[in-house]
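K.L.:
Numbering (the working numbering), first residue to last: 280 to 410.
(1) Taking the straight line between their C-alpha atoms, what separation do you get for residue 328 and residue 311?
(2) Rounding to the nearest angstrom, what Cα-Cα distance links residue 318 and residue 368 in this structure?
(3) Would you be able to state if there are at least three C-beta pairs under 8 Å between the stretch 370 to 380 and the stretch 338 to 349?
(4) Taking the straight line between their C-alpha atoms, what separation do you get for residue 391 and residue 330?
(5) Leaving aside the five residues before and after residue 350 along the sequence, list all residues of the same chain whose C-beta is less than 6 Å from its C-beta, in chain order.
(6) Using 8 Å for Cβ pairs, my map puts residue 316 next to residue 325. What's the rounded Cβ distance?
(7) Rounded C-beta distance between residue 405 and residue 394? I'm assuming under 8 Å.
(8) Residues in the same chain with beta-carbon distance under 6 Å from residue 308, minus the five sequence neighbours each way, listed in chain order, please.
(9) Where residue 354 and residue 364 are concerned, what is the direct C-alpha to C-alpha distance, given to the nearest angstrom?
(10) Whose C-alpha, out of 408, 383, 386, 359, is nearest the C-alpha of residue 402?
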């Protein structure tokens with residue numbers, strides 16, 4: 280068996296190709312379970328999110344791959360000047376809109392097409408749109 284690594288801390292953000300970044304896939308396209316890198320767990324495994332003691336699912340399958348950029352963090356101590364909100368204390372999220380369903384835990388090269396500034400419970404939560 281290989282060494283256990285943290286998808287958040289041990290995978291490089293950069294691929295070596297200009298404008299291309301590594302993305303860790305948490306939720307494959309056309310699936311319902313809300314999976315995420317567990318930032319408070321040792322090794323940061325990808326696990327199904329729990330809220331109020333119950334496993335979380337989306338209301339239906341999502342139509343994109345969802346993931347995060349390794350070695351990134353939305354700082355809760357920094358207030359964005361335009362949104363007036365601080366970061367959500369999580370890695371930067373990625374909505375990967377390619378045609379393939381990508382496996383949970385896979386490291387995928389992506390090109391960023393744009394970004395959305397989402398506010399969730401008063402916290403800034405950036406969503407990179409990528410392919």
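Using N, Cα and C, we set each Cβ at its ideal position, and we do this for glycine too.
Bear in mind that the values here come from a model prediction, so they are computed numbers and not experimental data.
P.N.:
With the structure as the only source:
(1) 12 Å
(2) 9 Å
(3) yes
(4) 30 Å
(5) 292
(6) 6 Å
(7) 6 Å
(8) 343, 344, 380
(9) 10 Å
(10) 359
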